[in-house]
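Numbering (the working numbering), first residue to last: 21 to 454. This report concerns only the one structure given below.
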Amino acid sequence: MSYIFCLFILILSLKTHGFELVWKSSSESNVEVIYHEGMDEYEVKSHSSSVMYKRSSFKSLIDYEAGFIDKKYRNGFKNSIVLHAQKISDIDIIERTDDIDSLDIRQETLLAASRGYVPVGDIISVKAHIENENDNPYNGLFGFIGLSNFGEGLEGDDRGDTFTLNGEVEVTFENGILTLRKNSKLYGKLSDRNDDAVSSKQINKIKGFKAVGYLNADGEVLLDALTIDNIEIEFKKFFDDERLFVKVLTRYKKMQDQNGFALKTQELYHKQIQKYFFDNMITYDYQDHMEDRTGLELQSDFGGTVNFFKSKESKVDGSVSSSLNLSSIASSESYGSVTASLEYQKANNPRTKMSGFRAHVYHTQKFYFDGQEGSRSGLGLSYGKDFEDCTLYTNYEIQYNDDRYENIYGVEELQRNNRLEANHLFGVGADCKL
Numbered sequence: 021m022s023y024i025f026c027l028f029i030l031i032l033s034l035k036t037h038g039f040e041l042v043w044k045s046s047s048e049s050n051v052e053v054i055y056h057e058g059m060d061e062y063e064v065k066s067h068s069s070s071v072m073y074k075r076s077s078f079k080s081l082i083d084y085e086a087g088f089i090d091k092k093y094r095n096g097f098k099n100s101i102v103l104h105a106q107k108i109s110d111i112d113i114i115e116r117t118d119d120i121d122s123l124d125i126r127q128e129t130l131l132a133a134s135r136g137y138v139p140v141g142d143i144i145s146v147k148a149h150i151e152n153e154n155d156n157p158y159n160g161l162f163g164f165i166g167l168s169n170f171g172e173g174l175e176g177d178d179r180g181d182t183f184t185l186n187g188e189v190e191v192t193f194e195n196g197i198l199t200l201r202k203n204s205k206l207y208g209k210l211s212d213r214n215d216d217a218v219s220s221k222q223i224n225k226i227k228g229f230k231a232v233g234y235l236n237a238d239g240e241v242l243l244d245a246l247t248i249d250n251i252e253i254e255f256k257k258f259f260d261d262e263r264l265f266v267k268v269l270t271r272y273k274k275m276q277d278q279n280g281f282a283l284k285t286q287e288l289y290h291k292q293i294q295k296y297f298f299d300n301m302i303t304y305d306y307q308d309h310m311e312d313r314t315g316l317e318l319q320s321d322f323g324g325t326v327n328f329f330k331s332k333e334s335k336v337d338g339s340v341s342s343s344l345n346l347s348s349i350a351s352s353e354s355y356g357s358v359t360a361s362l363e364y365q366k367a368n369n370p371r372t373k374m375s376g377f378r379a380h381v382y383h384t385q386k387f388y389f390d391g392q393e394g395s396r397s398g399l400g401l402s403y404g405k406d407f408e409d410c411t412l413y414t415n416y417e418i419q420y421n422d423d424r425y426e427n428i429y430g431v432e433e434l435q436r437n438n439r440l441e442a443n444h445l446f447g448v449g450a451d452c453k454l
């Protein structure tokens with residue numbers, strides 16, 4: 021009898037000071053939420069990590085951890101946490117369900133009250149990203165230190181599709197992704213008009229090819245340039261458990277020959293190098309050779325993703341999408357396109373989509389309304405390091421762009437090498453859970 025009494029006391033003690041399973045996934049991720057009553061804390065456990073949250077901070081738990089729960093189980097996860105955190109003392113049993121249709125009105129109301137209502141769902145993460153694209157690796161650094169030769173191999177010639185800056189902020193919701201993006205791309209070719217020229221000189225001699233440029237009174241080389249500045253707002257919506265997606269993008273485009281963010285950045289970069297490092301650094305006099313144009317563009321994409329391989333630490337996904345871009349500027353700016361890509365990701369315990377090592381290849385084929393065609397192919401690598409709330413990452417990509425303006429402004433490259441030069445893209449960013 022005393023043994024039974026002691027056992028009863030032990031069980032009562034464990035219930036009072038022990039732990040309680042609040043929610044457990046029924047998927048491969050094997051996530052558990054355990055409530056430790058003595059500490060009044062929740063423990064979120066997976067196969068490779070364990071994180072503690074105060075019960076009073078259950079909203080932070082939901083905000084941060086929901087992004088790692090399979091979408092079809094996410095509502096049941098949130099529902100269980102909210103009810104457990106807000107239950108009164110006489111509620112000992114919580115119904116747990118992964119079927120959203122069976123959630124009762126009280127559960128829905130509690131969840132909405134705790135999180136507020138947003139049509140696209142809760143915010144899961146925010147990513148900030150900036151990148152630079154140049155036909156010279158590291159903006160000519162390899163050439164400056166003698167690791168590569170100007171205009172040969174991977175090293176560009178500072179003209180053609182020469183310089184780009186991109187920046188974006190991406191907000192990921194439960195049911196879609198909203199992105200605000202600013203980018204600026206610079207093209208350039210030696211001017212064949214000498215009205216403003218006082219002299220000429222040989223710019224380079226590579227593989228027997230001579231490039232001759234006209235100079236103004238300050239020794240600057242006359243250049244016909246084109247800068248395309250874009251401001252974009254994009255929304256991407258997922259369907260069918262994120263296997264299908266639709267993307268809608270609105271773009272304000274400005275095309276200029278003597279202004280633009282990329283042009284002014286390269287101009288400052290060259291003049292500072294000439295001033296402090298290399299007296300013979302080339303600088304340019306950008307010519308008025310075209311009318312500036314501005315307009316609005318609307319782009320829509322539809323595509324799908326398929327998983328070829330998945331394990332606890334890695335996966336391989338493929339995707340195919342089609343796009344239609346309509347421009348108010350001209351038919352030369354309107355096009356349809358098809359893109360195919362393949363991506364590999366490896367991460368021990370992915371905290372964001374940028375965690376660990378990622379590699380991807382892609383190809384895009386474009387068909388312009390005026391009958392021309394263009395394409396872009398690329399190979400990219402990235403590595404992200406996980407911290408408590410954020411993943412910091414860097415990426416590199418080598419591209420080959422065989423498109424309209426690459427061919428118009430890449431005449432020097434085509435004459436010298438019978439091909440366009442590859443571009444090198446370097447980026448850094450932070451992807452943070454909220």
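C-beta atoms are modelled at their ideal positions from N, C-alpha and C, and glycine is treated no differently.
Minimum C-alpha distance to residue i - residue among the options
i    : options                   : result
M301 : N224, M275, T384 and K230 : N224
G87  : M72, G180 and V51         : V51
E353 : I248, R94, R179 and E188  : I248
P157 : N443, Q222 and H380       : N443
F255 : Q292, L316, T199 and W43  : T199
S343 : N327, Y73, A360 and N368  : A360
H56  : V71, F229 and T303        : V71
F329 : E311, T303 and L362       : L362
V340 : D60, R263 and K284        : R263
K351 : Q392, L440 and Q385       : In the sequence as presented, Lys is not what sits at residue 351; that position holds Ser. Taking only the C-alpha atoms, the option nearest S351 is Q392.
G196 : D238, F259 and I150       : F259
E40  : I101, V381 and S76        : I101
G202 : D212, R213, E194 and V189 : Note that residue 202 corresponds to Lys in the displayed sequence, not to Gly. Here the closest residue by C-alpha is V189.
D321 : Y388, F78 and K257        : K257
Y425 : Y388, I251, L288 and N186 : Y388
L246 : A282, K267 and Y296       : A282
I89  : S77, E194 and G394        : E194
N369 : S66, V53, K44 and N154    : S66
Helix, strand or coil at residue i according to DSSP, with G and I counted as helix
i    : result
L264 : strand
R126 : Summary for R126: the model assigns pLDDT 47, below 50, so the residue's position carries little reliability; its value from the coordinates is reported in the next sentence. Residue state, collapsed to three classes: helix.
H104 : helix
D249 : strand
Q435 : helix
S134 : Here the model assigns S134 a pLDDT of 46, short of 50, so the residue's position is not dependable and the matter cannot be decided.
S46  : coil
L34  : With a pLDDT of 45 at L34, under the threshold of 50, the modelled position of that residue is not reliable, and the figure given next carries that caveat. In the structure shown, L34 sits in a helix (DSSP, three-state: H, G or I).
G430 : coil
T285 : helix
G58  : coil
H309 : coil
Q392 : coil
D83  : helix
R179 : coil
I197 : strand
I114 : For I114, the pLDDT reaches just 39, beneath the cut-off of 50, and the residue's location in the model is therefore unreliable, leaving the point undetermined.
N95  : helix
E40  : strand
R378 : strand
S70  : strand
F255 : strand
F387 : strand
K295 : helix
R271 : strand
Own chain, CB closer than 6 Å to residue i, minus 5 neighbours either side, in chain order
i    : result
L210 : G233
R94  : A86
Strand pairing of residue i, partner residues [DSSP]
i    : result
Y443 : At residue 443 the sequence reads Asn, which differs from the Tyr that was named. DSSP, once it has assigned bridges, lists Q419 as partnering N443.
Q222 : V232
I276 : This sequence places Gln at residue 276; Ile is not what is there. Beta-bridge pairing links Q276 to T247.
K330 : K335
N345 : Q319 and Y355
V146 : V191 and C452
G404 : G376 and Y413
A360 : V340 and H383
Y304 : V241
Own chain, CB closer than 7 Å to residue i, minus 5 neighbours either side, in chain order
i    : result
Q278 : Y306 and D308
L318 : T270 and L346
N236 : D216, A217, V218, L242 and D305
Cβ neighbours of residue i in the same chain (closer than 8 Å, five flanking residues each side left out)
i    : result
T314 : Y272, K273, K274, M275 and I349
K405 : T411, L412 and Y413
Min CB distance residue i to chain D below 8 Å
i    : result
G449 : No chain D appears in the structure shown, which is made up of a single protein chain.
Is the segment 447 to 454 touching the segment 418 to 427, taking contact as three or more C-beta pairs under 8 Å? no
Does the pairing of the segment 383 to 401 with the segment 430 to 437 give three or more beta-carbon distances under 8 Å? no
I want to know whether the segment 333 to 352 touches the segment 365 to 376 - three or more CB-CB distances under 8 Å. yes
Do the segment 179 to 187 and the segment 195 to 215 meet, that is, are 3 or more Cβ pairs less than 8 Å apart? yes
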